[in-house]
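Participant:
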Amino acid sequence: MAGRRVNVNVGVLGHIDSGKTALARALSTTASTAAFDKQPQSRERGITLDLGFSCFSVPLPARLRPGPEAGAGAGAGQLQFTLVDCPGHASLIRTIIGGAQIIDLMMLVIDVTKGMQTQSAECLVIGQIACQKLIVVLNKIDLLAEEKRQAAIDKMTKKMQKTLENTKFRGSPIIPVAAKPGGPEAPETETPQGISELIELLKSQASIPTRDPSGSFLMAVDHCFSIKGQGTVMTGTILSGSVNLGDSVEIPALKVVKKVKSMQMFHTPVTSAMQGDRLGICVTQFDPKLLERGLACTPESLHTIHAAIVSVKKIPYFRGALQTKAKFHITVGHETVMGRVMFFSPAPDQFDCEPLEETFDFGKEYLYQEQYLSKDSTTAEEDKKSDQPVEKWPKQQWALLEFEKPVTCPKLCLVIGSKLDTDIHANTCRLAFHGKMLQGLEDKNYTETFLPKLKVYKLKHKEGLVERVIDDCSVIGRSLFKKETNIQIFVGLKVHLSSGESGIIESGFGQSGKFKIRIPDGLNPDTKKLLTTTTTKKRAKAGKGDVTREDEGCSKGDPAQHISISLSFKRYVFDAQKRMVQSP
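Here our numbering is used: position 285 in the sequence shown is 268, and no number is missing along the way.
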């Protein structure tokens, strides 16, 4: 590590106009090609439209140096903070999600005069999914009246502590600053307040991320531009593996392979880079307009998929149910596409099984769900007060995601489902669920080639009535099927009578949906007596000509109506033959 820069990616997230870009500018000494609202539209509108990157370095703190180097001087390496300035505008949440996936530490920037706002809440949700550490920065303290400043900061600090209480960031540090005293129009001579304290806090919170140079190279590309006489530069953050000068890299979305001509880290030429590094790669004969954001990787190491199986967890702040067959904006890596979901869970007897974090077992059977099974806090409170047995909930649930257009991504990558078409002015969380991709389906014809292997079933249950007895081992049933049902496909299925007997559907009976049931062990004497008595009564009434609809349907007062027939079976969702399966 001696002499090497250790890079920590710090996400700067928050609501629009909270001063994120000004904060990044105040912290940074070296601006990258993408930093500080360089896009013309950004300058015009005064907001960040894309991810901005910049950095600053400090001597590697002694606590982060390995053994013998702990007391070394300047040669002991540098700790480089790469600041990822994420846009705060509601409609740009796709970009925020993309940015959050490459950060090690998050700074949530809050306008101290306004507190938590809609996008700050969404950024906090994204942070909980994608990040382990948080610093809350209360910005714009210069706007507070001097005599009331400390009281206002204390009040907002307490509010933020309460907000964080129910999150994984409980107890995170909160620091007041003024990144740009006087606002955007103020002269550059105005000195920012609290920045040196913030840098000390960042140093104390930083930990050396686990970096692994082995495995396939994968880089999240966030900008692409040309330099006259040099070639095309792709800038991004390395998500896995490493890259060297002269290596071949693939842009999988375009199926293009290019050789690395030169590389830079914040304007410093380098010959190699590894996981976690912020990098610019120069290649030749590549049109930058073809790639604004995406992935670059070791050739043939990534695959393009049309659907995926993911483990899912609902985001508790999302209001409403997650329905199967609903469409969501699915963010996979740096891509966001529309996708349809189907939720499923373990079989009920497997609800208590411990979750499998990184694998999916195709050997097991799974239960189809009309919606994600979740329990809100109010129900939980009611359950505590109630004497009723508490309903079980599965420890893990999954979804089949079917994309409207193919996406290119690594295995086990983060997946976020959102409703980004929700009114951006509505005070509601648009992030619905998150999870990990477990299996990507590459075949375009996956519905025929792959899905039949996925054993997701629906439990079907039908109820009918015994109409009359034929003999000791046979009865006629009704009201289980419609008149037009092809009863032949149900022949051989087991049924249960409410009087305790088990039977097998033997054939149809007549044209009105009635059917014959064989009772292998014979009817109980009491059942036969009850059915025979009911049939005799009906015949007697028929002789008098006063049979009513109530008699035919077995009235509520008639004991025969209690002999019902129940038929239960599984039907596998992806079985082309639509077979019905019963447990042995």
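All C-beta atoms in this analysis are idealised placements derived from N, C-alpha and C, irrespective of residue type, glycine included. Here the structure is a predicted model, which means the values were calculated and not measured.
Taking Cβ positions, are Ile86 and Ala113 nearer each other than 9 Å?
Facilitator: Their beta carbons are under 9 Å apart, which means Ile86 touches Ala113 by this criterion.
Participant: Could you check whether Val232 and Val266 sit closer than 9 Å to each other, using their CB atoms as the reference points?
Facilitator: yes
Participant: According to DSSP, which residues form a beta bridge with Val41?
Facilitator: Leu62
Participant: Note down, in chain order, each residue of its chain lying with its Cβ closer than 7 Å to the Cβ of Met253, except the 5 sequence neighbours on either side.
Facilitator: Going by the sequence as given, residue 253 is Val instead of Met. In its chain, beyond the 5 residues on either side, Met246 and Gln247 have a beta carbon closer than 7 Å to the beta carbon of Val253.
Participant: What residue from His206, Gly229, Asn227 and Asp332 has the CA that sits closest to Pro271's CA?
Facilitator: His206
Participant: By Cβ distance below 7 Å, which residues in the same chain neighbour Lys358 in space, the five residues on each side in sequence not counted?
Facilitator: Trp376
Participant: For Ser549, I'd like the list of residues in its chain whose CB is within less than 6 Å of its CB, leaving aside the five on either flank, ordered along the chain.
Facilitator: Glu446 and His479
Participant: Check whether the Cβ atoms of Gly2 and Leu91 lie closer than 9 Å to each other.
Facilitator: No, the pair does not count as a contact, with Cβ atoms beyond the cut-off.
Participant: For Ser223 and Val295, I'd like the C-alpha separation in whole angstroms.
Facilitator: 23 Å
Participant: Check whether the region 178 to 187 touches the region 144 to 160, taking contact to mean three or more Cβ pairs, one atom from each stretch, closer than 8 Å.
Facilitator: yes
Participant: Considering only residues of the region 314 to 351, which uninterrupted beta strand (DSSP E) runs meet the minimum length of 3 residues and lie entirely inside it, listed in chain order?
Facilitator: 318 to 329
Participant: Have a look at Gln471 and Ser490 and give me their C-alpha separation to the nearest angstrom.
Facilitator: 7 Å
Participant: I want to know whether the region 400 to 407 touches the region 116 to 136 - three or more CB-CB distances under 8 Å.
Facilitator: no
Participant: Who are Gln422's beta bridge partners in DSSP?
Facilitator: Ile292
Participant: DSSP on Val108, reduced to helix/strand/coil?
Facilitator: helix
Participant: So, for Asp230: in the same chain, excluding its five sequence neighbours on each side, which residues have a beta-carbon less than 6 Å away from its beta-carbon?
Facilitator: Val243
Participant: Which of helix, strand or coil does DSSP assign to His206?
Facilitator: strand
Participant: Pick helix, strand or coil for Gln354, following the three-state DSSP scheme.
Facilitator: strand
Participant: May I ask which residues mark the beginning and end of the beta strand (DSSP E) holding Lys445?
Facilitator: Taken as a continuous stretch (DSSP letters only), the beta strand (DSSP E) holding Lys445 covers Val439 to Asp454.
Participant: Less than 9 Å between the beta carbons of Ala236 and Gly277, yes or no?
Facilitator: Yes; because the gap between Cβ atoms is below 9 Å, this pair is in contact.
Participant: Ala304 and Phe386 - do their beta-carbons sit closer together than 9 Å?
Facilitator: For Phe386 and Ala304, no; Cβs fall outside 9 Å.
Participant: Could you give the C-beta distance for Glu431 and His286, rounded to a whole number, given that I count them as a contact under 8 Å?
Facilitator: Rounded, the Cβ-Cβ distance is 19 Å, inconsistent with contact.
Participant: Do the region 488 to 502 and the region 453 to 473 make contact, defined as three or more Cβ pairs closer than 8 Å?
Facilitator: yes
Participant: Going by beta-carbon coordinates alone, are Pro331 and Lys378 separated by less than 9 Å?
Facilitator: no
Participant: How many angstroms separate the CA atom of Lys465 from the CA atom of Lys497?
Facilitator: Taking the CA atoms as reference points, Lys465 sits about 9 Å from Lys497.
Participant: For Gly198, would you say it is in contact with chain B, using Cβ-to-Cβ distances shorter than 9 Å as the test?
Facilitator: Within the model displayed, chain B is absent; a lone protein chain is all it includes.
Participant: Please go through the same chain and pick out, in chain order, the residues whose beta-carbon is closer than 6 Å to the beta-carbon of Val474, but skip the five residues on each side of it.
Facilitator: Ile488
Participant: If you compare alpha carbons, which of Glu348, Glu341 and Trp381 is closest to Leu356?
Facilitator: Considering only alpha carbons, the answer is Trp381.
Participant: By Cβ distance below 8 Å, which residues in the same chain neighbour Leu514 in space, the five residues on each side in sequence not counted?
Facilitator: Val449, Arg451, Val452, Val458, Leu506, Ala543 and Ile546
Participant: Could you pull the start and end residues of the alpha helix (DSSP H) that Tyr429 belongs to?
Facilitator: From DSSP, the alpha helix (DSSP H) with Tyr429 extends over Tyr429 to Thr432.
Participant: Give me the residue from Gln565, Lys238, Ala134 and Phe152 with the minimum Cα distance to Lys477.
Facilitator: Each of Gln565, Lys238, Ala134 and Phe152 was checked against the Cα of Lys477, and the nearest Cα belongs to Gln565.
Participant: Excluding the 5 residues flanking Gln306 on each side, which residues of the same chain have their C-beta closer than 6 Å to its C-beta?
Facilitator: Counting only Cβ-Cβ distances below 6 Å, and skipping sequence neighbours, we find Gln354.
Participant: Can you give me the Cβ contacts of Leu43 inside the same chain, cut-off strictly under 7 Å, excluding the 5 residues immediately before and after it?
Facilitator: Val(-11), Ala59, Gly60, Gln61 and Leu62.
Participant: So what does DSSP say about His(-2), is it helix, strand or coil?
Facilitator: Secondary structure at His(-2): coil, using DSSP grouped into helix, strand and coil.
Participant: Would you mind stating whether Phe416 and Phe311 have Cβ atoms separated by less than 9 Å?
Facilitator: Taking 9 Å as the Cβ cut-off, Phe416 and Phe311 qualify as a contacting pair.
Participant: Beta carbon of Met569, beta carbon of Val216: below 9 Å?
Facilitator: Beyond the ends of the chain as shown, which are -16 and 567, falls residue 569; an answer cannot be given.
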